Amino acid sequence: LPVVAIVGQPNVGKSTLFNRIINERLAIVEDKPGVTRDRNYAQAEWMGHKFDLIDTGGITWENSRIEDEIRAQAEIAIEEADVIVILTSVTNHLTDLDERIAQMLYQTKKPIILAVNKADNPEQRMDIYDFYSLGLGTPIPISSVHGTGIGDLLDCIVSELPKDLDQQNDDQIRFSVIGRPNVGKSSIVNKLVGEKRVIVNNEEGTTRDAVDTPFIDEEGTKFRIVDTAGIRRRGKVYEKTEKYSVMRAMSAIEHSDVVCLVLDASTGIREQDKHVAGYAHEAGCGIIIVVNKWDLPKKTSNSGKEFEQVIREEFQYLDYAPILFVSAKTGQNLDQIAKLVKLVHQNQTQRIQSSILNDLLLDASKLAPAPMIKGKRLRLYYMTQVATAPPTFVVFVNDPELMHFSYQRFLINQLRNNFNLSGTPVKIIARKRK
Ligand code: GDP
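Positions -11 to 422 (the working numbering) are the ones given, in order, by the sequence shown.
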């Protein structure tokens, strides 16, 4: 999806505007857990156009000066966004900081929209003419608190959005390499891309395009590594903040069919690994756990098993994700990554016939009859697959309330035992038979 970033000095109302846009009655907020939880980043929709919205001001870094903060905001917007909204406030009048932000933004060719907030009444709306001097075109007066002018602003944003190219690339498997800083993401991507023939780089078009790297494997399967610029770019101040790297990971996750969660064998599992993993799991995409720097630890014949056990304990909800031990340094197992991505993609997009599912349902209910709940027993009538990526099954029952979590888990395990579902989450929804 195209990305829209809001930048502006502190207290002009960036987060109020952000919330206003994502809560706008016609703007549908993606209801995925993990995506809406972080309030700096959300999916929004206006008149049928979807985009990702970033509040760059919400990415806080402790103890930094205002100048550093706005510089970082502007850098993020310039690098990430397809459309930049610079927010000012009519009650502040035009400030030095507004001018400095505008100056930083002049270097980008991306469309910039100037919005003047806190224009709550007609007199204030007359006061916006100062802002013409920023040289960023016609200022749009808005009131984030009252909601006036927001529709005009959204119309303007939407008119500047690039065409979404995701649909044109439907035959590609989109995957991303995610993880906390220094686990070796960029080393892995560089090796992967270096070894394969890179067919196109920096295609013209959207930003998202320019930061993705397509390649083809020996069998002619097309891949697209999402967001490679983001992980290959080095040394920006803002990259060190956890919030930023989590936001980055969420954006990559959202645009991927499969994600490779990279862990560092030399440091073990950290809290931040779990945050990133949690988002990937909740988003429903395919997941591969890649343990990098496998050249570093002193190993016995059991080391792989032991590390695997730790991973299984720490990431219990990812029990379906295959684990791969690699070294970006020596190249060990790197050729397995694309193969596994392909396999997981096959698994997540397969369709299972209803007749086969119903045989399985019958066997399952013989193997373990549903327990009684409040004197009533769950009856399973019929199961059918309603979606792929992740594979989603509806099971028709006498009373959905009787579908206990543990029985649902049992059914998912039966599916996993009988079909190739490695690397993909599986969902079961109970519906009342009509
Ligand atoms: P990123 O922040 O996740 O993109 O991590 P980088 O790719 O920049 O790697 C961080 C550091 O780890 C660099 O100094 C790399 O040279 C080093 N590194 C990456 N992969 C390996 C590996 O497999 N083995 C060893 N020994 N070092 C690695």
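C-beta: ideal position from N, C-alpha, C; glycine also.
These numbers were taken from a predicted model, which means no experiment stands behind them.
Lys247 CB to nearest heavy atom of the ligand GDP below 7 Å: One-based indexing of the sequence shown puts residue 247 at position 259. Looking at the sequence provided, one finds Val at residue 247 rather than Lys. It does not: the Cβ of Val247 is nowhere closer than 7 Å to a heavy atom of the ligand GDP.
Three-way DSSP call (helix, strand, coil) for Gln373 in this model: Here residue 373 is taken as the residue at index 385 of the sequence shown, counted from 1. In the displayed model, Gln373 falls within a strand according to three-state DSSP.
Cut-off 7 Å between Cβ atoms - residues of its own chain near His263, not counting five sequence neighbours on either side: Taking the first residue of the sequence shown as 1, we reach residue 263 at position 275. Within the same chain, His263 has close Cβ partners Val234.
Bridge partners - Ile100, DSSP secondary structure assignment: Sequence index remark: in the sequence shown, residue 100 carries index 112 (1-based). Beta-bridge pairing links Ile100 to Ile72.
The alpha helix (DSSP H) enclosing Asp205, as first and last residue numbers: In the sequence shown, counting from the first residue as 1, residue 205 sits at position 217. Taken as a continuous stretch (DSSP letters only), Asp205 belongs to no alpha helix (DSSP H), as it is neither H nor E.
Ile130 vs Gly137 beta-carbon contact at 8 Å: Taking the sequence shown and counting its residues from 1, the one referred to as residue 130 is at position 142. Taking the sequence shown and counting its residues from 1, the one referred to as residue 137 is at position 149. Going by beta carbons, Ile130 and Gly137 fall inside the 8 Å limit.
Residues of its chain near Asn170, where Cβ-Cβ distance is below 8 Å and the 5 sequence neighbours each way are ignored: For the purposes of this step, residue 170 is taken as the residue at position 182 of the sequence shown. Exclusion of the five residues before and after Asn170 leaves Asp252 as the residues of its chain whose Cβ lies within less than 8 Å of its Cβ.
CB contact flag (Val250, Val214, <8 Å): Residue mapping note: residue 250 aligns to position 262 of the sequence shown, counting from 1. Residue mapping note: residue 214 aligns to position 226 of the sequence shown, counting from 1. Not closer than 8 Å, so no.
Whole-angstrom distance between Thr4 and Thr24, CA atom to CA atom: Position 36 of the sequence shown holds residue 24. Position 16 of the sequence shown holds residue 4. With a pLDDT of 33 at Thr24, under the threshold of 50, the modelled position of that residue is not reliable, and no figure is offered here.
Closer than 7 Å: Pro129 CB and nearest the ligand GDP heavy atom: On the sequence shown, residue 129 is found 141 positions in, with the first residue counted as 1. False, no ligand heavy atom lies under 7 Å from that Cβ.
Helix, strand or coil at His37 according to DSSP, with G and I counted as helix: Here the question's residue 37 lines up with position 49 in the sequence shown. Here His37 carries a strand assignment [DSSP, helix/strand/coil].
The ligand FMN heavy atom lying under 7 Å from the CB of Ile10: Judged by which ligands are present, the ligand FMN is missing from the structure shown, whose ligands are the ligand GDP.
Residues that DSSP places opposite Thr380 in a beta bridge: As a working note, residue 380 is residue 392 in the sequence shown. DSSP, once it has assigned bridges, lists Ala375 and Lys415 as partnering Thr380.
Distance, Glu68 Cα to Gln91 Cα: Counting from one through the sequence shown, the residue named residue 91 turns up at place 103. Counting from one through the sequence shown, the residue named residue 68 turns up at place 80. Near 18 Å, if we compare the C-alpha coordinates of Glu68 and Gln91.
beta-carbon Ser291 near the ligand GDP non-hydrogen atom, thresh 7 Å: Locating residue 291 in the sequence shown gives position 303, where the first residue counts as 1. Result no, Cβ not under 7 Å from the ligand GDP.
Residue from Leu122, Gly272 and Ala32 with nearest C-alpha to Val414: What you label residue 414 is simply residue 426 of the sequence shown in a count that begins at 1. Checking every option, the nearest Cα to that of Val414 belongs to Gly272.
Alpha-carbon spacing of Arg365 relative to Pro359, whole angstroms: Residue mapping note: residue 365 aligns to position 377 of the sequence shown, counting from 1. Residue mapping note: residue 359 aligns to position 371 of the sequence shown, counting from 1. Their backbone Cα atoms lie some 6 Å apart in a straight line.
DSSP-derived helix/strand/coil call for Gly274: As a first step, residue 274 must be located in the sequence shown, where it is residue number 286. If DSSP states are grouped into helix, strand and coil, Gly274 belongs with the strands.
Asn105 and Ser132 closer than 8 Å at C-beta: For the purposes of this step, residue 105 is taken as the residue at position 117 of the sequence shown. For the purposes of this step, residue 132 is taken as the residue at position 144 of the sequence shown. Taking 8 Å as the Cβ cut-off, Asn105 and Ser132 qualify as a contacting pair.
Three-state class that DSSP yields for Leu85 in the structure shown: By one-based count along the sequence shown, residue 85 stands at place 97. Helix, per DSSP.
Close-in-space but distant-in-sequence residues of the same chain around Glu12 (CB under 6 Å, 5 per side omitted): By one-based count along the sequence shown, residue 12 stands at place 24. Because Glu12 sits at a pLDDT of 49, beneath the cut-off of 50, its placement in the model cannot be relied upon, and the following sentence gives the value as read from the coordinates. Cβ within range, chain order: n/a, list empty.
Cβ-based neighbour list, Val374, same chain, cut-off 8 Å, excluding 5 preceding and 5 following: Taking the first residue of the sequence shown as position 1, residue 374 is located at position 386. Within the same chain, Val374 has close Cβ partners Thr380, Phe381, Val382 and Ile417.
Which of helix, strand or coil DSSP assigns to Ala(-7): Numbered from its first residue, the sequence shown carries residue -7 at position 5. Correct three-state label for Ala(-7): strand.
Whole-angstrom distance between Val247 and Ile187, CA atom to CA atom: Sequence index remark: in the sequence shown, residue 187 carries index 199 (1-based). Sequence index remark: in the sequence shown, residue 247 carries index 259 (1-based). Per-residue confidence for Ile187 stands at a pLDDT of 38, beneath the threshold of 50, marking its modelled position as unreliable; the derived number appears in the next sentence. Whole-angstrom Cα-Cα distance: 21 Å.
Residues near Arg367 by beta carbon distance below 7 Å, same chain, minus five either side: Position 379 of the sequence shown holds residue 367. Taken in chain order, the residues that qualify are Val385 and Asn386.
Limits of the alpha helix (DSSP H) - the one that Leu328 falls within: Here residue 328 is taken as the residue at index 340 of the sequence shown, counted from 1. According to the DSSP assignment, Leu328 belongs to the alpha helix (DSSP H) that extends over Leu322 to Thr337.
With 16 other Cβ atoms within 10 Å as the buried cut-off, status of Asp143: Looking up residue 143 in the sequence shown gives position 155. Classification of Asp143: exposed, given that the 10 Å Cβ count is below 16.
Best match in Glu389, Leu350 and Glu33 for proximity to Ile361 [C-alpha to C-alpha]: Locating residue 361 in the sequence shown gives position 373, counting from the first residue. Proximity to Ile361 across Glu389, Leu350 and Glu33 peaks at Glu389, based on C-alpha coordinates.
Residue nearest to Ser77 in terms of C-alpha spacing, selected from Gln402, Val0, Gly139 and Lys179: The residue given as residue 77 occupies position 89 in the sequence shown. When each option's Cα is compared against that of Ser77, the closest is Val0.
Exposure label - Gly(-4); buried when at least 16 CB within 10 Å: Position 8 of the sequence shown, counted from the first residue, corresponds to residue -4. Classification of Gly(-4): buried, given that the 10 Å Cβ count is 16 or more.
Proximal residues to Leu328 (C-beta, below 8 Å), its chain only, five neighbours per side dropped: Walking along the sequence shown from the start, residue 328 turns up at place 340. Around Leu328: Ile276, Pro310, Leu312 and Gly411.
N- and C-terminal bounds of the beta strand (DSSP E) containing Asp307: By one-based count along the sequence shown, residue 307 stands at place 319. Taken as a continuous stretch (DSSP letters only), Asp307 belongs to no beta strand (DSSP E), as it is neither H nor E.
When Met371, Arg212, Glu242 and Lys354 are compared against Leu423, the one with the closest alpha-carbon: Here the chain comprises residues numbered -11 to 422, so residue 423 is not present and cannot be evaluated.
Supposed contact pair Asn321 and Val314 - C-beta distance, whole angstroms, cut 8 Å: Sequence index remark: in the sequence shown, residue 314 carries index 326 (1-based). Sequence index remark: in the sequence shown, residue 321 carries index 333 (1-based). Between Asn321 and Val314 the Cβ distance is about 4 Å, and since that is below 8 Å, they are a contact.
Residues of its chain near Ile89, where Cβ-Cβ distance is below 8 Å and the 5 sequence neighbours each way are ignored: The residue labelled residue 89 in the question sits at position 101 within the sequence shown. In chain order, Val(-5), Gly(-4), Gln(-3), Ile58, Gln61, Ala62 and Ile74 place their CB closer than 8 Å to the CB of Ile89, counting only its own chain and leaving out the 5 sequence neighbours on each side.
Three-state secondary structure (DSSP) of Arg236: Start at 1 with the first residue of the sequence shown, and residue 236 comes out as number 248. Helix at Arg236.
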